[in-house]
Amino acid sequence: MQIRDWLPLLGMPLMLLSVQVIAVILVLPMQAAGLVAFEDPESVANPLIFIGMLLVFTLILLLLIRFGGRRFIALFIGFAIFMTFLYIFSALSLLALGATDAAVAGTLIAAAAATALLYLYPEWYVIDILGILISAGVASIFGVSLAVLPVLVLLVLLAVYDAISVYRTKHMITLAEGVLETKAPIMVVVPKRADYSFRKEGLNIAEGEERGAFVMGMGDLIMPTILVASSHVFVDAPAVLWILSAPTLGAMAGSLAGLAVLLHFVNRGNPQAGLPPLNGGAILGFLVGAALAGSFGWCPFCI
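Residue numbering for the sequence shown is 8 to 310, as defined by the working numbering.
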């Protein structure tokens, strides 16, 4: 492989690592703001609710693609992005300014500006910077909302679902292609060449030409990072690096190893389910870290 082939592959691990570090940093503001997705973080019913919400979201997008509603996909996703920014900036504003009118105004302005920037100037570096923030914010919200055991159940279910939807039903490929046609900013983009422009070129290529960038869905960044954030919140283990414990570091390292496996197969040119290696790596890394730290209080089946 030439430098132009492997250098972009370093971008995705760096973005995954950035999402995980920022998610850990955002945990405290999210908790202070009371931004939780589930009232009982210990309930094992939460992963089923999460999967149900995901299926409904997927069905809506597939119906819009099937019946020519692609123009509404951008609006639908744009609203979801705006609401995500509201949660993220409201937590940061509350931490910095307290419960004041200035905090509310700042939150609305920042969320609107970030969403507008994504749609008015969707260059790859804008998408990547704000995509990292979105992914970290979502992961931190679910990380403080789900204890470790429900997260482990969720990641296993999502990995199985992703594999089925890519390799068997293939509806995830249809969904990805339909969403990418709208240029909806729900992915991160790593250019293969210095002059690449997502605004001008997008991801569409003529037959026989090479795509100008690697892409990865935000879901592949978010899901393993939920375990990173959850382990930071709910696992009682001493910090060994910065504020990170061995279980959290294990989840981070495992997800990066899973990403390396994923990129190996992606580089062959075929669509791949990202969550089996990413979630699987994060889970295995977390378990190794928990064993090294002797931290099994999160496990009701462990003695």
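The beta carbon of each residue, even a glycine, is placed where N, CA and C say it ideally should be. Given the structure is predicted, the values throughout are model-derived calculations rather than measurements.
Going by DSSP in three states, residue i sits in which element: helix, strand or coil?
i: P278; result: coil
i: A213; result: Note that A213 scores a pLDDT of 46, beneath 50, so its modelled location is shaky and nothing firm can be said.
i: G75; result: coil
i: F45; result: coil
i: L153; result: coil
i: F64; result: helix
i: G85; result: helix
i: P192; result: coil
i: P231; result: helix
If we count the other Cβ atoms within 10 Å of its Cβ and call it buried at 16 or more, is residue i buried or exposed?
i: A298; result: exposed
i: A220; result: buried
i: V158; result: buried
i: Y94; result: buried
i: N277; result: exposed
i: T91; result: buried
i: G296; result: buried
i: F308; result: exposed
i: G59; result: exposed
i: A120; result: exposed
Give the straight-line distance between the Cα atoms of residue i and residue j, rounded to the nearest whole angstrom.
i: L66; j: L270; result: 28 Å
i: A81; j: I88; result: 10 Å
i: L115; j: Y126; result: 17 Å
i: A264; j: L285; result: 8 Å
i: G292; j: F303; result: 14 Å
i: L294; j: P254; result: 7 Å
Please return the same chain residues whose Cβ sits closer than 7 Å to the Cβ of residue i, not counting the five positions on each side in sequence.
i: A44; result: I148, F149 and S152
i: V197; result: P15, G18, M19, A220 and F221
i: M37; result: A98, S147, I148 and V151
With a CB to CB cut of under 6 Å and the five nearest residues on each side skipped, what residues in its chain are close to residue i?
i: I72; result: G185
i: A289; result: P231, L234, A258, G261 and S262
i: S237; result: G150, L153, V155 and V158
Tell me which same chain residues have a C-beta within less than 8 Å of the C-beta of residue i, skipping the five on either side of it?
i: A213; result: At A213 the pLDDT is 46, less than 50, meaning the model places this residue with poor confidence and gives no usable figure here.
i: H239; result: V31, V34, G150, I250, L251, S252 and T255
Cβ pair count under 8 Å reaching 3, the region 219 to 227 against the region 244 to 261: no
Meets three-Cβ-pair contact criterion under 8 Å: the region 159 to 179 and the region 230 to 241: yes
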